[in-house]
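Heads up, the thing below is written out as structure tokens.
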Amino acid sequence: MHHRYRFFYQAWKGDTRGYLYVIGLLLIILANVLVSFVYPIVAGFFVDDYSSLTPNELLQPERLGMPPALGLMLLLLPFAAGLFAIWIAIKYIHRRSFTSVLTGNSQLNWRKVGIGAGVWIGITLVFELIVAFMNPENYTYTFDAAKFFPTLIVALIFVPLQTSMEEVLFRGYLMQGIGKQFKRPLVALLSTSIMFGLLHAANPEIVKFGPILLLYYIGFGLMMGVLTIMDEGLELPLGIHAGNNLYGALIITFPSSALQTPAIFTLKEYPIEIMTLVWLIGSVIFILLMARLYQWKDWSKLTGMLTPPLSSTESAADHQDGITSLPDKDPERSH
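Residue numbers (the numbering used here): 191 to 525.
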């Protein structure tokens, strides 16, 4: 058990009483919902009558006469507020370090975050070129410097905040909490992936393509969760998710995308079947690459059992290593 599940064992630090997770979740939801009202309030200065617009059109800043960069910032602001609320919950409700919800190590490995983003974008570009070669007429060059560069600045700041909020909430805060409660990483993996999928149920692309696309989001959650458990931290998922959404906001977008941005290219039609297959193959390739790079051998971690800290099943070496020690005053100490 030495070094196994050190990410999950972070959940035993600080105040771990179950009802505090309910308070924390309510705080996070409240922050997200309250700040989400900023967008329609500001949009009211640009459009007089909402009644003639569809829900999808309301989420298209340019249809409202709003600068796309401003619209993107306002749409992503609730996620920034949610991330701040998670920080408050971890630090002041659970009384543990924010780092402990990000990684099983003493500090976040930013190099891995960069590797996650870079490798994922590289895989995506290779497959995109193949798809574009097969169907070039589906791609329209829509680069507009006056709109693109302000959007680029906003995207580089706010998209990572949005994706980090989702990763920290689902693969960090909730996965650790559910893992502690049920002692089964697999239960934590499946439940958080389903919740992640359902969170996206109201996205415009779900409305267009139907509930089948929910399987993509659940699958994306599963992939992020597997990487988190195998790598003992959120570094790779943080990189992938930010890279994935920046790619969709800046490089290639499509009409029913959740984020309507002036990207360099726009798809006339989103080929859902092809893109889903491409994503599936790309995900398998990514996981295999990371497994080789970081020497992941113990795949039984995904279906194993968490034993509570300081139980009789833990070895003295584990206790000395600090992996399964009782909640301490200094959660930042090295593991």
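Every residue, glycine too, gets a C-beta built ideally from N, C-alpha and C.
For residue i, does the three-state DSSP call read helix, strand or coil?
i: Leu449; result: coil
i: Ile408; result: helix
i: Thr330; result: strand
i: Phe348; result: helix
i: Gly369; result: helix
i: Thr382; result: helix
i: Gly423; result: strand
i: His284; result: coil
i: Glu504; result: For Glu504, the predicted structure reports a pLDDT of 39, less than 50, and the residue's modelled location is therefore unreliable. A value from the coordinates is still provided. In the structure shown, Glu504 sits in coil (DSSP, three-state: anything other than H, G, I, E or B).
i: Pro401; result: helix
i: Lys487; result: coil
i: Ala336; result: helix
i: Thr497; result: coil
i: Leu249; result: coil
i: His390; result: coil
Just the Cα atoms here: how many angstroms apart are residue i and residue j?
i: Ile278; j: Gln371; result: 22 angstroms
i: Leu527; j: Pro445; result: The requested residue 527 does not occur in the structure, where the chain is confined to residues 191 to 525.
i: Gln200; j: Ala233; result: 42 angstroms
i: Lys203; j: Ile313; result: 37 angstroms
i: Phe410; j: Trp469; result: 9 angstroms
i: Ser502; j: Ile419; result: Only weak support exists for where Ser502 lies, its pLDDT of 33 falling under 50; the coordinates are left without a value.
i: Pro350; j: Leu248; result: 23 angstroms
i: Arg361; j: Pro340; result: 31 angstroms
i: Thr363; j: Ala335; result: The sequence given here has Tyr at residue 363, not Thr. Each residue's alpha carbon lies about 39 angstroms from the other.
i: Glu504; j: Leu273; result: Caution is warranted here: a pLDDT of 39 is assigned to Glu504, below 50, making its placement in the model unreliable, and the coordinate value is therefore given only provisionally. Going from the Cα of Glu504 to the Cα of Leu273 covers about 34 angstroms.
i: Leu496; j: Pro461; result: 42 angstroms
i: Leu315; j: Tyr240; result: 38 angstroms
Shorter than 7 angstroms, the distance from the beta carbon of residue i to the closest heavy atom of the ligand PLP, or not?
i: Thr341; result: Of ligands this structure carries none, so the ligand PLP is not represented either.
Report the partner residues of residue i according to the DSSP bridge assignment.
i: Ile442; result: Phe455
i: Thr293; result: Gly423
In its own chain, which residues sit with a C-beta less than 7 angstroms from the C-beta of residue i, not counting the 5 before and 5 after it?
i: Ala526; result: Since the first residue of the chain shown is 191 and the last is 525, residue 526 is not available in this structure.
i: Ile464; result: Val321
Among residues of its own chain, excluding the 5 on either side of residue i, which ones have a beta-carbon nearer than 8 angstroms to its beta-carbon?
i: Ile408; result: Ser383, Ile384, Phe386, Gly387
i: Phe317; result: Val468, Ile471, Gly472
i: Asn325; result: Pro461
Spatial neighbours of residue i within its chain, please: CB distance less than 6 angstroms, with the 5 preceding and 5 following residues excluded, ordered by chain position.
i: Ala259; result: Pro340, Thr341, Val344
i: Glu252; result: Pro258
(request) Starting from the N-terminal side, write out each stretch of the beta strand (DSSP E) that is 3 residues or longer and does not extend beyond the segment 255-280. (result) Listed in chain order, nothing qualifies, since the segment 255-280 has no complete beta strand (DSSP E) run of 3 or more residues.
(message) Just to confirm the assignment: which complete beta strand (DSSP E) runs, minimum length 3, are found wholly within the segment 192-246?
(response) Runs found: none.
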